[in-house]
């Protein structure tokens, strides 16, 4: 499960839990991105802080782990490179890329998307308020065979309505984030003065 995780929040964890349970995954790996291709212009908190927060957030669930492969590689983080890395490390395992509905409809813009879809399955978890399967199906701009395969792995997420952007804004405005992030992440944010403008 890739992302900026700036910061990681309860919504990320609920989707990871849903993915582990519904897809019967033996492990969900959180992969903080060095520089997401679609967010190159945005300023992020230092990678070390983001990595630490994700590690704290997932440490109590044995199904979850964290990889710093994209942070170690540096530069723009392309999913195809990360999937290829994991396949080399664990030949014979099947990999599932967990994404949101917004990502699914943008997949045609991804770097080497055809190769990516040959290397792993994609499971989409729809956030509250997303248009559902019909709304997403008409927006996917990929060949019919790929569309059909992708649409066969779409699930409604039991997600908390929260975003990293909202959390950063609340902190900058002096508002609480207590029920939006795990307690250890909240403590870390305040101890290190993150997102305070």
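In the UniProt record's numbering, the protein residues as written are 1 to 197. Glycine included, C-beta positions come from ideal geometry on N, C-alpha and C. The model shown is predicted, which means the values in this text are computed figures rather than measured ones.
Taking the straight line between their C-alpha atoms, what separation do you get for residue i and residue j?
| i | j | result |
| --- | --- | --- |
| residue 114 | residue 85 | 17 Å |
| residue 101 | residue 2 | 14 Å |
| residue 168 | residue 179 | 14 Å |
| residue 174 | residue 90 | 45 Å |
| residue 185 | residue 121 | 31 Å |
| residue 33 | residue 103 | 15 Å |
Take the Cβ of residue i as the centre, count every other Cβ of all protein chains shown within 10 Å, and call the residue buried at 16 or more, exposed below.
| i | result |
| --- | --- |
| residue 183 | exposed |
| residue 165 | exposed |
Could you give the C-beta distance for residue i and residue j, rounded to a whole number, given that I count them as a contact under 8 Å?
| i | j | result |
| --- | --- | --- |
| residue 83 | residue 15 | Not really, about 19 Å apart at Cβ, beyond 8 Å. |
| residue 105 | residue 70 | About 23 Å; that fails the 8 Å criterion. |
| residue 5 | residue 54 | 5 Å |
| residue 37 | residue 111 | 7 Å |
Locate the beta strand (DSSP E) running through residue i, then write down its first and last residues.
| i | result |
| --- | --- |
| residue 32 | 28-32 |
| residue 96 | 96-100 |
| residue 162 | No beta strand (DSSP E) holds residue 162; DSSP gives it neither H nor E. |
Mind checking which residues open and close the alpha helix (DSSP H) that includes residue i?
| i | result |
| --- | --- |
| residue 46 | Element bounds for residue 46: n/a, residue is neither H nor E. |
| residue 121 | Counting along the chain, residue 121 falls outside any alpha helix (DSSP H), though it belongs to the beta strand (DSSP E) covering 121-126. |
| residue 203 | Residue 203 is absent from the structure shown; the chain starts at 1 and stops at 197. |
| residue 85 | 79-89 |
The ligand ZN and residue i: does any heavy atom of the ligand fall closer than 7 Å to the residue's C-beta?
| i | result |
| --- | --- |
| residue 62 | With respect to the ligand ZN, the structure shown offers nothing to examine, as it has no ligands at all. |
Using a Cβ cut-off of 8 Å (strictly closer), state whether residue i contacts chain B.
| i | result |
| --- | --- |
| residue 49 | Note that chain B does not occur in the displayed structure, where there is just one protein chain. |
Leaving aside the five residues before and after residue i along the sequence, list all residues of the same chain whose C-beta is less than 7 Å from its C-beta, in chain order.
| i | result |
| --- | --- |
| residue 160 | 10, 11 and 14 |
With a CB to CB cut of under 6 Å and the five nearest residues on each side skipped, what residues in its chain are close to residue i?
| i | result |
| --- | --- |
| residue 148 | none |
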